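Plus 2 on top of the position in the sequence shown (first one is 1) and you've got our numbering.
Every residue gets a Cβ at the ideal spot worked out from N, C-alpha and C, and that includes glycine.
None of the values given here were measured: they were computed from a predicted structure.
Okay, so here's the structure we're looking at.
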Amino acid sequence: MRLLTFTFLLLAGTAANAQPGQGMPPAERARAEQQLRARMGEVVRQRLGLDAEQMQQLNAANRKFDRERLALLNQERRVRMAIRQQIEAGENGSQDRIAALLDSTLLLERRRLDLVESEQNELKKFLTPRQRAQYFGLQTQMRQRMEQMRRNRAQGVRRGPPE
């Protein structure tokens, strides 16, 4: 069952940086991802108090927005990496390129907000305002956790192994 696909997409979207399940055989990784989806779906169902019909509708809504959400995550990652490369190039970095990339971040942020608005409009059809707020909060928490994990891994890479 496809539950809280947003969480899975965050994991997949950060795979280039985080490499969750790195080194796992594909079948084992698929099982681990399925278990994560099932567990997160159960957390959502319990915390929001959803019935079976609402869970089906939530799954359908997630599927509806998955492709665009994943595309945004990938585009944002590429833009961040390109900005980092330009900055690390120092004086050889292109100021015009950095400016264009920064403009892209603003456009992507607008697209993200439009996506959230569209998703909220869809969720209004079957969730109460309280349930929508709780779901939004769960999504935000997961996004923050994933970002913190990404930062921790990046810092670990920069620091190198302990001496």
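Near the ligand COA: A62 beta-carbon under 7 Å from a heavy atom: As far as ligands go, the structure on display features none, and thus does not contain the ligand COA.
Residue span of the alpha helix (DSSP H) that contains E30, given as start and end: 28-50
Buried or exposed by the 16-neighbour rule on C-beta atoms within 10 Å, applied to N154: exposed
Validate contact between the stretch 76-89 and the stretch 103-118 using beta carbons, cut 8 Å, 3 pairs: yes
Under the three-state DSSP convention, the category F138 falls into: F138: helix per DSSP, three-state reduction.
Residue of R49, I85, Q150 minimising C-alpha distance to G139: If we check each option's Cα against that of G139, R49 comes out closest.
Span separating the alpha-carbon of A54 from that of A84: 44 Å
Any 3 or more C-beta pairs closer than 8 Å across the stretch 126-135 and the stretch 99-106: no
Candidates A63, A101, R147, F128: closest to L223 by CA position: There is no way to answer for residue 223, as the model of the chain reaches only from 3 to 165.
Close-in-space but distant-in-sequence residues of the same chain around R57 (CB under 7 Å, 5 per side omitted): Looking at the sequence provided, one finds Met at residue 57 rather than Arg. Excluding sequence neighbours, M57 sits near R47.
4-residue-minimum alpha helix (DSSP H) runs that sit fully inside the stretch 50-95, ordered along the chain: 54-90
Cβ-Cβ distance between A73 and E121 below 8 Å: The answer is no: Cβ separation not under 8 Å.
Euclidean distance between Cα positions of Q88 and R99: 8 Å
Residue environment, R145, which counts as buried when at least 16 other CB atoms sit within 10 Å: exposed
Assigned secondary structure, A130 (DSSP; H/G/I helix, E/B strand, else coil): It is worth fixing the name first, because residue 130 is Thr in this sequence and not Ala. In the structure shown, T130 sits in coil (DSSP, three-state: anything other than H, G, I, E or B).
Beta-carbon spacing of K66, E124 below 8 Å: yes
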